[in-house]
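Protein chains in written order, with my numbering: chain A, 1 to 216; chain B, 1001 to 1216.
First the structure, in the form of structure tokens, and then the observations on it.
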């Protein structure tokens, strides 16, 4: 095994370090964030930093870096208080990745990439019709992380749109069956294959697999 | 498509809601957090909430809920300022999941689960020898998220231990080749299959795949 220490990392060329460090947290969810500007221009951005904060109330966080390609997304979220999270499936990987290009603020990525806006009564932000799992979000808090000037956006899930075929009786949603992709690093997309679901673990019992029975 | 709104979510039975909401952020990294108590007892906990905050300095965050099975991990991090993040590979999925059981504070999950402590000169916290990608972390900040009383632990990467066979010239680390697993929901483990790596996207160019050439 090779050991790469803090000084090796500090001395890496910037783009190489970005590729390397972005690989280290493990696999990440592949999501498209949908927003609308105050002028009514829809926006999409691929984001791999969505994470779970809590189930009750249902909260998700995401890290956004100001002054980068997500600047329109961040501004729209601040001005409208709403956004959507749309899982990226195999069929829309290339369009989703293309959304990370620097389109002008007055261009809608939906139009440029050929994705379809889906409206909802629960949020004003646009859903991606081609996505199989769509979340409507209301901003609850935005915190500046002083350590590196990124922003932590905390939102509450106010709607979930999905197919009940992927929903198990115990609440588990089979995102693999839905075709949701994973991301590694900055730019690698992966499909998944279930290794196993496991029952709640106890100290003195062997762990055991549980079935995934969807369609509830 | 089915629409599940805020009131449907609020009315779900607690365990069902936990399974459901934990499925929604998409795939997550499968990591074992290694710590040592001030009394010298090693601890392991499976955590699926590690996320990227920044590359320079190299920072990762994770969300921890006090008073749960990770209470020992969180206390050790606060008292020692250090922890390790160890990718969970296929070979150690069952042991890793077993670490989520409520072992006593004076039991080491390493001993109970048959995993091997690996020491390093860069961090005092223990690595998992069976893991193929191991990160040594120093705490930089711990923030209480007032919205639901969870804690955001921000750490800086001070060492990366891995095999150079998985490292590309451009810095990308092939975590799929290393066997790192993804998690969905609370308890489902998945292997991955690369769909494609894509070059930096530009507005008026078709996206194109790039090769993964490791071993640098």
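We treat Cβ as the ideally placed atom computed from N, Cα and C, and that holds for glycine.
Reduced DSSP category for residue i - H, G, I as helix; E, B as strand; rest coil
{"i": "residue 74 (chain A)", "result": "helix"}
{"i": "residue 102 (chain A)", "result": "coil"}
{"i": "residue 110 (chain A)", "result": "helix"}
{"i": "residue 192 (chain A)", "result": "strand"}
{"i": "residue 204 (chain A)", "result": "coil"}
{"i": "residue 1031 (chain B)", "result": "strand"}
{"i": "residue 1043 (chain B)", "result": "strand"}
Endpoints, the alpha helix (DSSP H) within which residue i is located
{"i": "residue 1008 (chain B)", "result": "1006-1010"}
{"i": "residue 1184 (chain B)", "result": "That residue, residue 1184 (chain B), is in no alpha helix (DSSP H); its beta strand (DSSP E) goes 1182-1184."}
{"i": "residue 22 (chain A)", "result": "14-23"}
{"i": "residue 94 (chain A)", "result": "93-98"}
Cβ neighbours of residue i in the same chain (closer than 7 angstroms, five flanking residues each side left out)
{"i": "residue 1065 (chain B)", "result": "1150"}
{"i": "residue 109 (chain A)", "result": "43, 44, 99, 103"}
{"i": "residue 1106 (chain B)", "result": "1041"}
{"i": "residue 90 (chain A)", "result": "179, 181, 191"}
{"i": "residue 93 (chain A)", "result": "181, 189"}
{"i": "residue 1176 (chain B)", "result": "1192, 1194"}
{"i": "residue 1112 (chain B)", "result": "1103"}
{"i": "residue 209 (chain A)", "result": "196, 197, 198"}
CB contact check: residue i to chain D, cutoff 8 angstroms
{"i": "residue 1145 (chain B)", "result": "Looking at the structure shown, chain D is missing, and the protein chains on hand are A and B."}
Residue i and residue j closer than 8 angstroms at C-beta
{"i": "residue 1033 (chain B)", "j": "residue 1024 (chain B)", "result": "no"}
{"i": "residue 1053 (chain B)", "j": "residue 1087 (chain B)", "result": "no"}
{"i": "residue 212 (chain A)", "j": "residue 197 (chain A)", "result": "yes"}
{"i": "residue 26 (chain A)", "j": "residue 1050 (chain B)", "result": "yes"}
{"i": "residue 1068 (chain B)", "j": "residue 1036 (chain B)", "result": "no"}
{"i": "residue 1018 (chain B)", "j": "residue 1189 (chain B)", "result": "no"}
{"i": "residue 187 (chain A)", "j": "residue 1147 (chain B)", "result": "no"}
{"i": "residue 77 (chain A)", "j": "residue 139 (chain A)", "result": "yes"}
{"i": "residue 1162 (chain B)", "j": "residue 12 (chain A)", "result": "no"}
{"i": "residue 1202 (chain B)", "j": "residue 96 (chain A)", "result": "no"}
{"i": "residue 1171 (chain B)", "j": "residue 16 (chain A)", "result": "yes"}
For residue i, the first and last residue of its enclosing beta strand (DSSP E)
{"i": "residue 60 (chain A)", "result": "58-64"}
{"i": "residue 151 (chain A)", "result": "150-162"}
{"i": "residue 86 (chain A)", "result": "82-87"}
{"i": "residue 129 (chain A)", "result": "No beta strand (DSSP E) contains residue 129 (chain A), which DSSP labels as neither H nor E."}
{"i": "residue 125 (chain A)", "result": "Where residue 125 (chain A) is concerned, there is no enclosing beta strand (DSSP E), given that its DSSP letter is neither H nor E."}
{"i": "residue 142 (chain A)", "result": "134-145"}
{"i": "residue 53 (chain A)", "result": "51-55"}
Close-in-space but distant-in-sequence residues of the same chain around residue i (CB under 6 angstroms, 5 per side omitted)
{"i": "residue 28 (chain A)", "result": "48, 183"}
{"i": "residue 70 (chain A)", "result": "45, 64"}
{"i": "residue 185 (chain A)", "result": "19, 22, 23"}
Spatial neighbours of residue i in its chain, beta-carbon cut-off 8 angstroms, leaving aside the 5 residues before and after
{"i": "residue 1137 (chain B)", "result": "1060, 1082, 1083, 1084, 1085, 1123, 1125, 1155, 1156, 1157, 1158"}
{"i": "residue 1021 (chain B)", "result": "1009"}
{"i": "residue 1116 (chain B)", "result": "1110, 1128, 1129, 1130"}
{"i": "residue 119 (chain A)", "result": "126, 127"}
{"i": "residue 145 (chain A)", "result": "63, 151, 152"}
{"i": "residue 1074 (chain B)", "result": "1064, 1066, 1151, 1153"}
{"i": "residue 1058 (chain B)", "result": "1156, 1157"}
**Request:** Output, in sequence order along the chain, the residues in the stretch 1160-1192 of chain B whose CB is closer than 7 angstroms to any CB in chain A.
**Result:** 1160, 1161, 1162, 1163, 1164, 1170, 1171, 1172, 1173, 1175, 1176, 1180, 1181, 1182, 1184, 1185, 1187, 1188, 1189, 1190, 1191, 1192
**Item:** the stretch 1067-1081 of chain B: positions lying closer than 7 angstroms to chain A by Cβ
**Value:** none
**Near-chain B residues of the stretch 51-65 of chain A - C-beta to any C-beta below 8 angstroms** = 51, 52, 53, 54, 55, 56, 57, 58, 59, 60, 61, 63, 65
**Request:** Report the residues of the stretch 10-32 of chain A with a CB closer than 9 angstroms to any CB of chain B, ordered along the chain.
**Result:** 10, 12, 13, 14, 15, 16, 17, 18, 19, 20, 21, 22, 23, 24, 25, 26, 27, 28, 29, 30, 31
**Message:** Using a Cβ-Cβ cutoff of 7 angstroms, what residues of the stretch 193-210 of chain A are near chain B? List them in chain order.
**Reply:** 193, 194, 195, 196, 197, 198, 201, 202, 203, 207
**Prompt:** Got a sec: which bits of the stretch 1096-1115 of chain B sit with their beta carbon under 9 angstroms from any beta carbon on chain A, in order along the chain?
**Reply:** 1097, 1098, 1099, 1100, 1101, 1102, 1103, 1104, 1107, 1112
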